[in-house]
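A quick write-up on the structure given underneath.
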Amino acid sequence: MNAIIDPRSIQADSTSAVGGLAIRHVHKGFDIDGRKLSVLEDVSLTIAPGQFVSIVGASGCGKSTLLRLIAGLERQDSGDILLDGVPVAGPGLDRGLIFQDHRLFPWLTVEQNVLLALSNSDEAATDKRARVATLLTLVGLDGFAQAFPHQLSGGMAQRAAIARALAPQPQVLLLDEPLGALDALTRLRLQSELQRIWLTQRSTMIMVTHDVDEALFLGDVIVVMQPGRIARILHVPSAHPRDRADPALTPLKAEILSLLHAG
Amino acid sequence: MSLIAEFPPTSFVYAERIEDHDPPPAWLVALIKRARGLVLPLLLAAAWHWASSIDASTAYALVPLDQVWERLLQLLSTGELAINAGSSLGRALTGLALGGVSGILLGSLMAGFPLVERLFGPLLQAFRQVPLLGWLPLVGLWLGSGEEAKQLLVAVAAFHPLLLNSYEGFAQAEKKHLEVGRVLMLSRWRSFRFILLPTALPSILTGVGQALAFAWISTIGVELLFGTGAGLGSLMHTAQMAGDMGVVLLCVISIGLMGYGLNLILSLVRARLLRWRVTG
Numbered sequence: 001m002n003a004i005i006d007p008r009s010i011q012a013d014s015t016s017a018v019g020g021l022a023i024r025h026v027h028k029g030f031d032i033d034g035r036k037l038s039v040l041e042d043v044s045l046t047i048a049p050g051q052f053v054s055i056v057g058a059s060g061c062g063k064s065t066l067l068r069l070i071a072g073l074e075r076q077d078s079g080d081i082l083l084d085g086v087p088v089a090g091p092g093l094d095r096g097l098i099f100q101d102h103r104l105f106p107w108l109t110v111e112q113n114v115l116l117a118l119s120n121s122d123e124a125a126t127d128k129r130a131r132v133a134t135l136l137t138l139v140g141l142d143g144f145a146q147a148f149p150h151q152l153s154g155g156m157a158q159r160a161a162i163a164r165a166l167a168p169q170p171q172v173l174l175l176d177e178p179l180g181a182l183d184a185l186t187r188l189r190l191q192s193e194l195q196r197i198w199l200t201q202r203s204t205m206i207m208v209t210h211d212v213d214e215a216l217f218l219g220d221v222i223v224v225m226q227p228g229r230i231a232r233i234l235h236v237p238s239a240h241p242r243d244r245a246d247p248a249l250t251p252l253k254a255e256i257l258s259l260l261h262a263g
Numbered sequence: 001m002s003l004i005a006e007f008p009p010t011s012f013v014y015a016e017r018i019e020d021h022d023p024p025p026a027w028l029v030a031l032i033k034r035a036r037g038l039v040l041p042l043l044l045a046a047a048w049h050w051a052s053s054i055d056a057s058t059a060y061a062l063v064p065l066d067q068v069w070e071r072l073l074q075l076l077s078t079g080e081l082a083i084n085a086g087s088s089l090g091r092a093l094t095g096l097a098l099g100g101v102s103g104i105l106l107g108s109l110m111a112g113f114p115l116v117e118r119l120f121g122p123l124l125q126a127f128r129q130v131p132l133l134g135w136l137p138l139v140g141l142w143l144g145s146g147e148e149a150k151q152l153l154v155a156v157a158a159f160h161p162l163l164l165n166s167y168e169g170f171a172q173a174e175k176k177h178l179e180v181g182r183v184l185m186l187s188r189w190r191s192f193r194f195i196l197l198p199t200a201l202p203s204i205l206t207g208v209g210q211a212l213a214f215a216w217i218s219t220i221g222v223e224l225l226f227g228t229g230a231g232l233g234s235l236m237h238t239a240q241m242a243g244d245m246g247v248v249l250l251c252v253i254s255i256g257l258m259g260y261g262l263n264l265i266l267s268l269v270r271a272r273l274l275r276w277r278v279t280g
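Protein chains in written order, with the numbering used here: chain A, 1 to 263; chain B, 1 to 280.
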């Protein structure tokens with residue numbers, strides 16, 4: 001399952017100074033039946049390049065909206081979102097997004113799905129195919145290049161979606177409850193895979209989840225959200241790769257849970 | 001009682017008995033399955049032949065099959081059947097292409113742009129209420145009874161099913177897929193080619209199936225009505241005037257078989273294009 005990867009084959013950013021995010025006083029509301037519903041109120045957050053940030057919170061707290069703002073799919077009402085100092089003004093290949101449902105195109109094979117993510121690259125077709133093959137190895141999908149999405153299990157489809165999101169080599173990878181739709185065992189396995197991929201890639205990753213254990217296993221930083229706002233930002237001292245039973249995680253888990261219940 | 005002796009009600013023994021028999025080879029099963037569809041036509045032909053031999057009046061209305069066979073050989077040797085069948089086929093396919101492409105174009109534009117939908121929607125709805133025969137006098141007046149008139153009517157017949165089905169297909173585009181297109185920064189052309197078109201394709205192919213049937217039926221219809229030029233409909237028209245029932249029958253059979261063949265080809269194309277879909 002764990003494919004052996006030469007980290008140099010997937011171009012990791014050695015300068016590592018890119019992929020830093022600054023979110024400053026962001027407000028966002030939606031019009032629902034003519035009434036303004038505030039989803040994010042004065043949210044500020046700084047994310048260092050290469051960090052793994054977990055955002056936890058109950059459903060409806062605005063965590064997915066925050067991710068969609070960073071992705072450029074929605075626009076904030078006020079405040080700034082800066083990627084390496086440049087304001088985000090829409091979607092861009094410097095940010096990849098993985099959804100809860102894999103959202104592969106059912107009419108394309110796994111390989112074609114990942115290739116499509118490279119359509120803005122001017123590499124030669126053979127180079128693109130080679131890169132797709134490397135990515136599929138990275139996510140453990142060797143031999144499934146020609147499969148159609150309906151032939152894959154949920155976990156495999158999500159792996160393919162991860163490969164697709166990684167293909168344009170984004171500096172920031174945004175994960176919107178990426179493992180939320182998977183069964184418990186697949187989930188645990190993919191958490192370890194995500195960690196391995198992150199250690200290989202070393203790009204910034206921001207993952208929204210409502211699974212506290214998942215957040216703690218993967219995150220350097222845990223952002224705990226209560227409806228509309230950030231309640232607390234916690235730093236996880238343990239090194240990667242992490243042991244799920246690490247006793248240092250226990251008090252953090254208790255703190256996060258109490259915050260979530262308070263909100 | 002001998003049955004019970006042969007097949008004791010023990011599943012174990014029963015299973016063994018089953019394995020004793022080699023299953024018939026797959027190609028034979030497939031052939032038998034296919035051949036079942038021929039049973040009724042053959043019975044019908046036999047009944048036809050029997051009825052035609054009752055007396056002279058039935059022999060006129062229901063031509064004996066050996067006479068039909070003779071006429072077939074004649075028509076084949078003169079090339080008359082091939083020329084007329086080819087002419088009808090060409091007319092139907094040209095009409096399908098003309099009407100179909102305009103239907104798909106307009107349908108996709110109506111799905112993509114609300115303004116186009118509001119502009120064309122009511123007009124096309126009203127237009128659709130006029131049956132094909134209702135256009136006949138007007139088209140006859142404008143274009144006469146030549147090739148252009150026939151072609152136009154066939155195109156109109158093929159236009160509507162593809163307009164409706166492609167509109168429906170393109171309107172189905174899912175936000176979740178379009179969003180992926182935005183995240184991946186796909187160009188407008190690539191979004192169309194890789195997201196919108198595949199979404200609409202099942203619907204469009206359903207439309208092609210209907211349009212093909214309508215085009216074929218209306219091709220024969222206008223040929224019969226105008227009775228000019230080449231075509232199976234014209235051939236049938238002439239044969240009817242001459243009381244040549246053998247040729248009439250041959251035309252009916254050819255029209256049926258060709259329509260069947262066209263449909264078969266389309267279903268193969270369809271299966272190939274939609275192989276990404278979950279089957280069953």
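Where is the CB? At the ideal position from N, CA and C, for every residue including glycine.
- Query: Which of helix, strand or coil does DSSP assign to P87 (chain A)?
  - Reply: Reduced to three states, the DSSP call for P87 (chain A) is strand.
- Which residues of chain A have a Cβ atom closer than 8 angstroms to the Cβ of V176 (chain B), listed in chain order? Checking the sequence, you will find Lys at residue 176 (chain B) rather than Val. What K176 (chain B) touches in chain A: F99, D101 and R103.
- Message: Under 8 angstroms, Cβ to Cβ, is there at least one residue of chain B near G92 (chain A)?
- Response: Yes, its Cβ sits closer than 8 angstroms to a Cβ of chain B.
- Message: Suppose you measure from the CA of I81 (chain A) to the CA of L212 (chain B); what does that come to, to the nearest Å?
- Response: Spanning the alpha carbons of I81 (chain A) and L212 (chain B) requires a straight line of approximately 54 angstroms.
- Message: If you follow the alpha helix (DSSP H) that E123 (chain A) is in, where does it begin and where does it stop?
- Response: Per DSSP, E123 (chain A) belongs to no alpha helix (DSSP H) and is neither H nor E.
- Task: Run down chain A in chain order and give the residues with a C-beta less than 7 angstroms from the C-beta of R182 (chain B).
- Result: Here the neighbours are L73 and P91.
- Message: So, at 8 angstroms on beta carbons, what are the nonlocal neighbours of N120 (chain A) in its own chain, with the 5 sequence-adjacent residues on each side left out?
- Response: Answer for N120 (chain A): L93 and P168, listed in chain order.
- Message: When you compare the CB of H150 (chain A) with every CB in chain B, is at least one pair closer than 8 angstroms?
- Response: By this cut-off, H150 (chain A) is an interface position.
- Task: Classify R244 (chain A) as helix, strand or coil using the three-state DSSP reduction.
- Result: In the structure shown, the three-state DSSP call for R244 (chain A) is coil.
- Coarse secondary structure for Q67 (chain B), derived from DSSP in three states: Assignment of Q67 (chain B) by DSSP, reduced to helix, strand and coil, places it in the helix class.
- Query: What is the residue span of the beta strand (DSSP E) that E74 (chain A) lies within?
  - Reply: No beta strand (DSSP E) holds E74 (chain A); DSSP gives it neither H nor E.
- Verify the CB distance criterion: does R190 (chain B) have a CB-CB separation below 8 angstroms to chain A? It does; some Cβ of chain A falls within 8 angstroms.
- Item | CB contact below 8 angstroms: F214 (chain B) versus chain A | Using a CB distance cut-off of 8 angstroms, F214 (chain B) does not count as an interface residue toward chain A.
- Message: Against chain B, which members of the region 111–141 of chain A pass a CB distance test of less than 7 angstroms?
- Response: Residues of the region 111–141 of chain A with a C-beta atom less than 7 angstroms from some C-beta of chain B are L116, A117, S119 and N120, listed in chain order.
- Query: When you compare only the Cα positions, how much space is there between M1 (chain A) and L136 (chain A)?
  - Reply: Because the pLDDT at M1 (chain A) is just 42, under 50, the model does not fix this residue reliably, and the point stays unresolved.
- For chain A, find out if any of its Cβ atoms is closer than 8 angstroms to the Cβ of I195 (chain B); answer yes or no. It does; some Cβ of chain A falls within 8 angstroms.
- Item | Closer than 7 angstroms at the beta carbon, the chain B residues around P106 (chain A) | Within 7 angstroms Cβ-Cβ: W276.
- Task: Please specify which runs of the alpha helix (DSSP H), each continuous and at least 4 residues long, are wholly inside the region 149–234 of chain A, giving them in chain order.
- Result: Restricted to the region 149–234 of chain A, the alpha helix (DSSP H) segments that are unbroken, complete and at least 4 residues in length are 154–166, 184–201 and 212–218, listed in chain order.
- Name, please, each residue of chain A whose Cβ falls closer than 7 angstroms to the Cβ of L205 (chain B). Correct list: empty, because the minimum Cβ distance to chain A is about 13 angstroms.
- Task: State the start and end residues of the unbroken alpha helix (DSSP H) segment that holds A59 (chain B).
- Result: Counting along the chain, the alpha helix (DSSP H) containing A59 (chain B) begins and ends at A56 to A61.
- Note the first and the last residue of the continuous alpha helix (DSSP H) segment covering I256 (chain A). Start and end: L249 to A262.
- Task: Would you mind sorting T250 (chain A) into buried or exposed? The rule is 16 or more other CB atoms within 10 Å of its CB.
- Result: That one is exposed.
- Compare the C-beta of L31 (chain B) against all C-beta atoms of chain A and say whether one is closer than 8 angstroms. Closer than 8 angstroms: no.
- Inter-residue Cα distance where the pair is L260 (chain A) and Q226 (chain A): Approximately 7 angstroms between the Cα atoms of the pair.
- Message: In the DSSP output, which residue or residues are listed as bridge partners for F52 (chain A)?
- Response: Beta-bridge analysis with DSSP links F52 (chain A) to A:M205.
- Task: May I ask you to list the residues that DSSP assigns as paired with D31 (chain A)?
- Result: For D31 (chain A), which the question treats as bridged, DSSP gives the partners A:K36.
- What residue ranges within the region 202–230 of chain B form continuous beta strand (DSSP E) runs of no fewer than 3 residues, ordered along the chain? Complete beta strand (DSSP E) runs here, min 3: none at all.
- Message: I need the straight-line Cα distance from T186 (chain A) to L163 (chain B), nearest angstrom please.
- Response: Rounded to whole angstroms, T186 (chain A) to L163 (chain B) spans 45 angstroms at the Cα level.
- Pull up the distance between the alpha-carbon of V86 (chain A) and that of I204 (chain B), whole angstroms please. The alpha-carbon of V86 (chain A) is positioned some 44 angstroms away from that of I204 (chain B).
- Message: Distance cutoff 8 angstroms, beta carbons only. Does Q11 (chain A) sit that close to anything in chain B?
- Response: Annotation note: pLDDT 42 at Q11 (chain A) (below 50); position unreliable, no value reported.
- If you run the structure through DSSP and keep just helix, strand and coil, what is A200 (chain B)? Secondary structure of A200 (chain B) (DSSP, three-state): helix.
- Message: If we define contact as Cβ-Cβ less than 8 angstroms, is E70 (chain B) a contact residue for chain A?
- Response: With respect to chain A, the C-beta atom of E70 (chain B) has no partner C-beta closer than 8 angstroms.
- Message: Measuring only the C-alpha atoms, how far is L197 (chain B) from R91 (chain B)?
- Response: Their Cα atoms are separated by approximately 27 angstroms.
- Query: L93 (chain B) lies in the beta strand (DSSP E); which residues open and close that run?
  - Reply: According to the DSSP assignment, L93 (chain B) belongs to no beta strand (DSSP E) but to the alpha helix (DSSP H) extending over E80 to G112.
- Message: One question on the structure: do A239 (chain B) and N84 (chain B) come within less than 8 angstroms of each other, judged by their Cβ atoms?
- Response: With contacts defined by Cβ atoms closer than 8 angstroms, A239 (chain B) and N84 (chain B) do not form a contacting pair.
- What's the C-alpha gap between R182 (chain B) and L174 (chain A)? About 14 angstroms.
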